Amino acid sequence: MPQEVRAVIARAKGEPVETVTIVVPDPGPGEVVVEVQACGVCHTDLHYREGGISDDFPFLLGHEAAGVVESVGEGVTEVAPGDFVVLNWRAVCGRCRACTRGRPWYCFDTHNAKQRMTLTDGTELTPALGIGAFAEKTLVAAGQCTKVDPAASPAAAGLLGCGVMAGLGAAVNTGGVGRGDSVAVIGCGGVGCAAVAGAKLAGAGRIIAVDIDDDKLALARTLGATHTVNSRTQDPVEAVRELTGGHGADVVIEAVGRPETYQQAFYARDLAGTVVLVGVPTPEMKVELPLLDVFGRGGALKSSWYGDCLPSRDFPVLIDLHLQGRLPLDAFVTGTVGLDGVEEAFARMHRGDVLRTVVEL
């Protein structure tokens, strides 16, 4: 029977979010209802509120979540009621050209629940990234649920659902950081700090964190950075080269998404090195690089989609590493709020003094 639960929506562009009652339908074939325990407040949720993703208002916000499966629809075998799961926004299809070539982390036909959650008057809601987890319960596709060890705290585990996985995967999966490599990370917000943690996990020998904020650089040090560069006062390209014997880093991860920082990343890498773009640019941004430099420096210029992760493969392993004390997911949780605190969390995000505020239910 459909259920009424509390949730946070963005009703119109730029307006403050609202806590309202929504209707969650029973799960249909291939669908799951999850009782949400925690959900991180991500920049993407703010982009939805500001109309930067689409204009398909009203949006049901929240997507970086963990919780417990309450009920499943027909044909669901991946999870069962009572399972502790992390939600993801890339449920792979298993049939597209990427999946059939053995590269499901690039799946070109990811999917969500077919039914829509609604307001009590029947107005359909658009769930953020197909999840909508600023809610006591949410309806998702079964493939968006990954079962993990319930010993992990929901607040920490849920962060794998977006930002932490994006940054960590940019280092480990996309960048292929290996033992002894030198790595530079430009931009040390939540995603950049996760890239630092990923580089440490992969055994990098030198990890250089670059940002304009000393507090963020200090936090990057706690997560594994061996050196820091404040690019307000130092040329980041020259600083990275100086710290790598004059050569540049083997892997440079750009976690800002701006043309000027991408150019810094390009020139801060070693010959035949790798640049990974995980920061998200806006549509009007363009990069100009001399084509001879692109050719002459060799190596690889890559973009990282969600850390090129495969949730069913990566989430359980990363939770296990967290529980072993090798991946400090708890360090990314700056503070917690209830459902009524989302607007406050957006304000803190604007001030830049958090990695993640987490909504706990």
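The sequence shown: position 186 = 1571 (our numbering), numbered continuously. A virtual CB, placed ideally from N, CA and C, is assigned to each residue, including glycine. From a predicted model like this one, the values you see are computed outputs, not experimental measurements.
- Task: Tell me where the beta strand (DSSP E) around G1425 begins and ends.
- Result: E1416 to G1425
- Item | Span separating the alpha-carbon of D1397 from that of V1679 | Residue 1397 is actually Ala in this sequence, not Asp. Near 43 Å, if we compare the C-alpha coordinates of V1679 and A1397.
- Does any residue of chain D bring its CB to less than 8 Å from the CB of G1574? Protein chains in the displayed structure number just one, and chain D is not present.
- Item | First and last residue of the uninterrupted beta strand (DSSP E) at D1655 | R1654 to L1662
- Does the region 1472 to 1489 come close enough to the region 1514 to 1530 to have 3 or more Cβ pairs within less than 8 Å? yes
- Message: Could you give the first and the last residue of the continuous beta strand (DSSP E) run that contains K1499?
- Response: Taken as a continuous stretch (DSSP letters only), K1499 belongs to no beta strand (DSSP E), as it is neither H nor E.
- Message: Just to check my reading of the structure: V1641 and V1614 have Cβ atoms closer than 8 Å, yes? What is that Cβ distance to the nearest angstrom?
- Response: At roughly 14 Å, the Cβ-Cβ gap does not stay under 8 Å, so V1641 and V1614 are not in contact.
- Could you tell me the distance, in whole angstroms, from the CA atom of V1660 to the CA atom of D1411? 45 Å
- Message: I need the straight-line Cα distance from V1568 to E1639, nearest angstrom please.
- Response: 11 Å
- Query: For A1540, which option in V1722, P1675, A1392 and R1736 has the closest C-alpha, if you only look at C-alpha atoms?
  - Reply: Closest in C-alpha terms to A1540, from the list V1722, P1675, A1392 and R1736, comes V1722.
- Item | Simplified DSSP assignment, three categories, for I1516 | coil
- Expected contact under 8 Å - CB spacing of V1557 and G1583 to nearest Å: Indeed, because the Cβ distance is near 5 Å, the residues count as touching under 8 Å.
- Message: Between the alpha carbons of D1693 and W1490, how many angstroms are there, rounded?
- Response: Near 6 Å, if we compare the C-alpha coordinates of W1490 and D1693.
- Task: For the beta strand (DSSP E) holding G1467, just list the boundary residues, first then last.
- Result: Premise fails: G1467 is in no beta strand (DSSP E) and is neither H nor E.
- Item | N- and C-terminal bounds of the alpha helix (DSSP H) containing E1623 | P1621 to L1628
- Task: Answer yes or no: do A1634 and R1654 have a C-beta to C-beta separation smaller than 8 Å?
- Result: yes
- Query: Quick one: what does DSSP say Q1709 is sitting in, helix, strand or coil?
  - Reply: coil
- Message: Less than 8 Å between the C-beta atoms of A1465 and V1471, yes or no?
- Response: no
- Query: Is the beta carbon of G1684 less than 8 Å from the beta carbon of G1658?
  - Reply: For the 8 Å CB-CB criterion, G1684 and G1658 form a contact.
- What residues match up with I1407 in a beta bridge as DSSP calls it? V1390 and L1504
- Query: Under a three-way DSSP split, which group does F1717 fall into?
  - Reply: DSSP places F1717 within a helical segment (H, G or I) once states are collapsed to three.
- DSSP three-state assignment for D1566, whether helix, strand or coil: DSSP places D1566 in coil when its eight states are reduced to three.
- Residues near R1518 by beta carbon distance below 7 Å, same chain, minus five either side: With the sequence shown as reference, residue 1518 is identified as Ala, and Arg is not the correct amino acid for it. Cβ neighbours of A1518 beyond the five flanking positions: V1421, C1424, G1447, H1448, A1450 and L1472.
- Query: Which class does F1651 belong to by DSSP, given the choice of helix, strand or coil?
  - Reply: helix
- Message: Buried or exposed, going by whether 16 or more other CB atoms sit within 10 Å of the CB of A1498?
- Response: buried
- Message: Quick check on Q1709: buried or exposed, where buried means 16 or more other Cβ atoms within 10 Å of its Cβ?
- Response: exposed
- Message: With H, G and I counted as helix, E and B as strand and the rest as coil, what does DSSP make of F1493?
- Response: coil
- Can you have a look at D1566 and say buried or exposed, based on whether 16 or more other CB atoms are within 10 angstroms of its CB? buried
- How big is the Cα-Cα spacing for Q1529 and G1452? 12 Å
- Message: So the candidates are H1707, M1386, R1482 and D1494; which of them puts its Cα closest to the Cα of S1538?
- Response: H1707
- Query: Buried or exposed: where does L1677 fall if 16 or more other Cβ atoms within 10 Å of its Cβ makes it buried?
  - Reply: exposed
- How long is the line joining the alpha carbons of L1524 and G1546, rounded to whole angstroms? 16 Å
- Message: Going by DSSP, what residue range makes up the alpha helix (DSSP H) through D1693?
- Response: D1693 -> no alpha helix (DSSP H), and no H or E assigned at all.
- Message: Going by the DSSP bridge assignment, what does I1593 pair with across the sheet?
- Response: A1569 and H1612
- Message: DSSP has R1741 in a bridge; who is on the other side?
- Response: V1718
- F1442 in three-state terms, based on DSSP: coil
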